[in-house]
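In the UniProt record's numbering, the protein residues as written are 1 to 418.
Let me begin by presenting the structure, written as structure tokens, before commenting on it.
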């Protein structure tokens, strides 16, 4: 990458539109080198599968075991070619002073000791975020969808309201894949629901209260609970699921479809974007084209579609070209495959109808992985923009303007951040 373009991209402050920063993890004092790998995407190479509904819960419930080389080697050697592993290992090496050698059999003990030391310091998370030049973060605290992030994480944080538990809330004991119960969450807000109509009114009140909780968007992560084909609302069939521990598959789907449709309607009225997970998860049901009906029914609602819908990135770009209420969150895609990300970004620059459509996030639990993700995204975006200039597609000023938009300006506009 040319020094000029690299320097420009590195100087841009980032608005990070997707993390999973929660005090239970990001601010934990009980963290060592091994746990950084176990609670990262590197764990998907050997410990858990991305398709498992409880994968995230398993990652978070991992006990802190002593770090050993034998425990690290499956990540660093057996899966050492994997991009998730290389991203985290590189970020840890840079933050903990072994960038030249990386983490090795000879230095891992010193790195582990320093990780444990720094995580006992309350200022470490904010120091890492500062080194990454991230000015604002939108977090998805899936352990507590109602969390106001600012008292817990700081004034630079906003949050999304994850809707899964509410979309699956046909019974007071129904839970989503993270174990959250919509009825329990509503009771925390003083709302006791007895009927289907009560429930719909409670959802309206829930969305109306987003600003008070510093929630700047809704988050649809239902690709981890079901397929993403959301049919036209069928209220009569949805009502049949209400109060049933085990409603019929048709009634269960109708209830979820109805509630998701209501959330999207309310989001459009309130000016809240709807982040939506696409690709992987329950992969048989997470193709982006399954979302077209929902997107078409809600032209006033702004949908922020995530992860480049890997492995269906071209289908997603086609949707973003056709629908003017679609934006793209590039988060995670550059962690999974840097080479695919560059190819998709080249095409996205050419296909998207305007320069407001793309933004980035890390999609991580620990700040070390966030640091590595954002640094990696800067490098890859800079490389693509340099190539666009070298080919004559862009003048340097065009590339710089787009860099500013992708790294921060677009997110400020979409989320209406002050």
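C-beta atoms are modelled at their ideal positions from N, C-alpha and C, and glycine is treated no differently.
In terms of residues, what are the limits of the beta strand (DSSP E) holding residue i?
{"i": "residue 275", "result": "274-276"}
{"i": "residue 219", "result": "215-220"}
{"i": "residue 19", "result": "14-19"}
Specify the secondary structure class of residue i as computed by DSSP and reduced to three states.
{"i": "residue 360", "result": "coil"}
{"i": "residue 159", "result": "strand"}
{"i": "residue 31", "result": "coil"}
{"i": "residue 135", "result": "strand"}
{"i": "residue 100", "result": "coil"}
{"i": "residue 130", "result": "helix"}
{"i": "residue 68", "result": "coil"}
{"i": "residue 45", "result": "helix"}
{"i": "residue 78", "result": "helix"}
{"i": "residue 63", "result": "coil"}
{"i": "residue 124", "result": "helix"}
{"i": "residue 258", "result": "helix"}
{"i": "residue 142", "result": "coil"}
{"i": "residue 172", "result": "coil"}
{"i": "residue 39", "result": "coil"}
{"i": "residue 249", "result": "helix"}
Within this structure, are the beta carbons of residue i and residue j separated by less than 8 Å?
{"i": "residue 415", "j": "residue 273", "result": "yes"}
{"i": "residue 344", "j": "residue 313", "result": "yes"}
{"i": "residue 183", "j": "residue 221", "result": "no"}
{"i": "residue 79", "j": "residue 46", "result": "yes"}
{"i": "residue 102", "j": "residue 126", "result": "no"}
{"i": "residue 14", "j": "residue 135", "result": "yes"}
{"i": "residue 382", "j": "residue 6", "result": "yes"}
{"i": "residue 90", "j": "residue 372", "result": "yes"}
{"i": "residue 120", "j": "residue 173", "result": "no"}
So the candidates are the options; which of them puts its Cα closest to the Cα of residue i?
{"i": "residue 340", "options": "365, 417 and 380", "result": "380"}
{"i": "residue 138", "options": "314, 293, 302 and 216", "result": "216"}
{"i": "residue 241", "options": "258, 31, 42 and 409", "result": "258"}
{"i": "residue 374", "options": "232, 10 and 254", "result": "10"}
{"i": "residue 253", "options": "244, 268, 226 and 191", "result": "226"}
{"i": "residue 419", "options": "330, 46 and 111", "result": "There is no way to answer for residue 419, as the model of the chain reaches only from 1 to 418."}
{"i": "residue 302", "options": "327, 287 and 315", "result": "327"}
{"i": "residue 140", "options": "16, 49 and 50", "result": "16"}
{"i": "residue 250", "options": "289, 360, 203 and 170", "result": "170"}
{"i": "residue 118", "options": "142, 61 and 28", "result": "28"}
{"i": "residue 146", "options": "408, 204 and 209", "result": "209"}
{"i": "residue 87", "options": "324, 232, 392 and 337", "result": "337"}
{"i": "residue 115", "options": "132, 95 and 104", "result": "95"}
{"i": "residue 65", "options": "75, 85, 36 and 40", "result": "36"}
Residue i: beta carbon under 7 Å from a heavy atom of the ligand GTP?
{"i": "residue 307", "result": "In terms of ligand content, the structure shown is empty, and the ligand GTP therefore cannot be addressed."}
Measure from the C-beta of residue i to each C-beta in chain C and report whether the shortest distance is under 8 Å.
{"i": "residue 123", "result": "As a matter of chain content, chain C is missing from the structure shown, which is built from one protein chain."}
Residue i lies in the alpha helix (DSSP H); which residues open and close that run?
{"i": "residue 119", "result": "108-119"}
{"i": "residue 5", "result": "3-11"}
{"i": "residue 90", "result": "83-95"}
{"i": "residue 151", "result": "149-153"}
{"i": "residue 24", "result": "23-26"}
{"i": "residue 166", "result": "164-167"}
Checklist entry - Counting only runs that start and end within the UniProt domain "Amidohydrolase-related" (261-417), where is the alpha helix (DSSP H) found for 4 or more residues in a row? => result 292-297, 313-322, 333-336, 338-351, 367-390, 396-404 and 410-415
Checklist entry - Which ranges does the beta strand (DSSP E) cover as unbroken runs of at least 3 residues, wholly within the stretch 182-246, from first to last along the chain? => result Listed in chain order, the beta strand (DSSP E) runs fully inside the stretch 182-246 are 215-220, counting runs of at least 3 residues.
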